[in-house]
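J.: Numbering-wise (the UniProt record's numbering), the sequence shown opens with residue 1 and increments by one.
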Amino acid sequence: MTSTAPLLRIEGLRAAYGKIEALKGVDLSIQPGEIVALIGANGAGKSTLMMSIFGKPRAKAGRIVFDGVDITTMPTHLIARMSIAQSPEGRRIFPRMSVAENLQMGADAGTGSNEERAATLERVLTLFPRLRERFGQRGGTLSGGEQQMLAIGRALMSRPRLLLLDEPSLGLAPLITRQIFEAIRTLNRQDGLTVLIVEQNANHALKLAHRGYVLVNGLITMSGSGAELLAQPEVRAAYLEGGRKV
Ligand SMILES: Nc1ncnc2c1ncn2[C@@H]1O[C@H](COP(=O)(O)OP(=O)(O)O)[C@@H](O)[C@H]1O
Ligand SMILES: [Mg+2]
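1) On a CA-only basis, which of 70, 41, 43 and 128 is nearest residue 54? Give me that one, please.
2) Which word fits residue 168, buried or exposed, when buried means at least 16 other C-beta atoms lie within 10 angstroms of its C-beta?
3) Exposed or buried, which one is residue 250 when buried takes at least 16 other CB atoms within 10 Å?
4) Taking 6 Å as the limit, name every residue whose beta carbon sits nearer than that to some heavy atom of ligand 1, in sequence order.
5) In three-state DSSP terms, what is residue 231?
6) Any chance the CB of residue 27 is under 7 Å from a heavy atom of ligand 2?
7) CA-CA distance, residue 198 and residue 136?
8) For ligand 2, any of its heavy atoms closer than 7 Å to the Cβ of residue 191?
9) Could you name each continuous beta strand (DSSP E) segment of 3 residues or more that falls completely within the region 28-59, going from the start of the chain to the end?
10) Can residue 167 be considered in contact with ligand 2, in the sense that its beta carbon sits closer than 7 Å to one or more heavy atoms?
11) Whole beta strand (DSSP E) runs in the region 145-211 with 3 or more residues, listed along the chain?
12) Does the region 36-50 touch the region 200-208, meaning 3 or more C-beta pairs lie closer than 8 Å?
13) Is the beta carbon of residue 89 within less than 7 Å of some heavy atom of ligand 2?
14) Just checking, does the region 62-78 make contact with the region 121-129 on the three C-beta pairs under 8 Å criterion?
15) Pick out whichever of 176, 104 and 145 has its Cα sitting closest to the Cα of residue 117.
16) Inspect the CB distances between the region 149-160 and the region 79-97 and report whether three or more fall short of 8 Å.
17) Buried or exposed for residue 18, please, with buried defined as at least 16 other CB atoms from any protein chain shown within 10 angstroms of its CB.
18) State the beta-bridge partners of residue 19 as determined by DSSP.
19) Quick check: the region 133-149 against the region 93-103, are there 3 or more CB pairs under 8 Å?
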């Protein structure tokens with residue numbers, strides 16, 4: 001156990017869409033420098049948890065504390081200024097804008113100086129050489145894997161301390177998935193970036209993560225190190241053997 005204060009602490013989080021209760025009291029914490037995986041089947045509430053960090057949807061109960069600051073009721077645009085960035089499910093890049101312009105949009109969400117922006121851009125293009133090759137090309141003309149790289153690169157451009165990734169491997173071929181996960185590992189090891197990764201692809205995510213949580217119907221049912229969770233028969237049966245549970 002470490003005594004460092006968590007970078008993100010979620011306590012008793014409840015969130016709903018009208019009468020549909022998507023999160024029913026979730027506790028989760030992330031230490032600085034950790035990669036934490038949140039795994040669960042389709043509809044478990046993974047995206048809701050990630051989006052509720054940004055206040056969409058708002059917590060109905062519970063607390064979200066980032067770097068010691070209670071952000072539970074903070075306006076979304078101010079949360080985005082708290083050094084938290086996300087690559088949302090489905091990537092959501094700007095298809096008509098070039099790779100360069102998409103990355104610029106990401107930088108605009110941050111507060112870095114021009115020198116810092118230039119250094120961060122160089123870092124992103126080094127991590128994802130494909131983006132350097134496609135720099136002037138429209139986002140919408142990229143392959144799915146390249147668009148995922150762009151979505152992550154755009155999030156990185158704001159120089160976040162916490163990166164939230166929602167299903168980065170969704171719909172991607174295994175080789176591209178490996179490249180993307182390798183880039184995340186590099187960012188964590190070399191840049192000390194803290195990461196929350198949401199995945200149905202439990203095998204990849206738990207191998208990458210230091211720790212993981214299993215979300216079932218809006219409740220955390222298990223947590224532990226990535227290796228511990230991978231060894232759990234329940235995890236293997238539900239999320240590994242026989243492919244993804246949908
Ligand atoms: N915008 C929405 N309006 C109504 N219900 C929603 C909305 N988004 C998600 N839900 C419901 O909330 C639950 C959790 O969804 P979600 O967080 O997207 O799960 P996951 O990301 O794990 O697949 C599901 O029952 C889903 O149908
Ligand atoms: Mg989702």
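Don't be surprised by glycine CBs; every beta carbon is placed ideally from N, CA and C.
T.: With the given structure in hand:
1) Restricting attention to 70, 41, 43 and 128, the CA atom closest to the CA of residue 54 is found in 70.
2) So residue 168 ends up on the buried side.
3) Residue 250 lies beyond the stretch modelled for the chain, which goes from 1 to 246, so this question has no answer here.
4) Listed along the chain, these residues meet the criterion: 17, 20, 22, 40, 42, 43, 44, 45, 46, 47 and 48.
5) Helix, per DSSP.
6) Not so, every heavy atom of ligand 2 lies at least 7 Å from the Cβ.
7) For residue 198 and residue 136, the distance between alpha carbons rounds to 30 Å.
8) Flag unset: Cβ of residue 191 not near ligand 2.
9) Uninterrupted beta strand (DSSP E) stretches at least 3 residues long and entirely within the region 28-59 occur at 35-39, given in chain order.
10) Because some heavy atom of ligand 2 lies under 7 Å away, the Cβ of residue 167 counts as near it: yes.
11) Fully enclosed beta strand (DSSP E) runs of 3 or longer: 162-166 and 194-199.
12) In short, these stretches touch, since the Cβ pair count reaches three.
13) The beta carbon of residue 89 sits closer than 7 Å to at least one heavy atom of ligand 2.
14) In the pairwise beta carbon analysis, the region 62-78 is classified as not touching the region 121-129: fewer than three pairs are separated by under 8 Å.
15) Scanning 176, 104 and 145 for the CA closest to the CA of residue 117 turns up 104.
16) Yes: at least three Cβ pairs fall under 8 Å.
17) Exposed.
18) In the DSSP output, where bridge partners are listed per residue, residue 19 has none listed.
19) Contact between the region 133-149 and the region 93-103 is present: three or more C-beta pairs spanning the two stretches fall below 8 Å.
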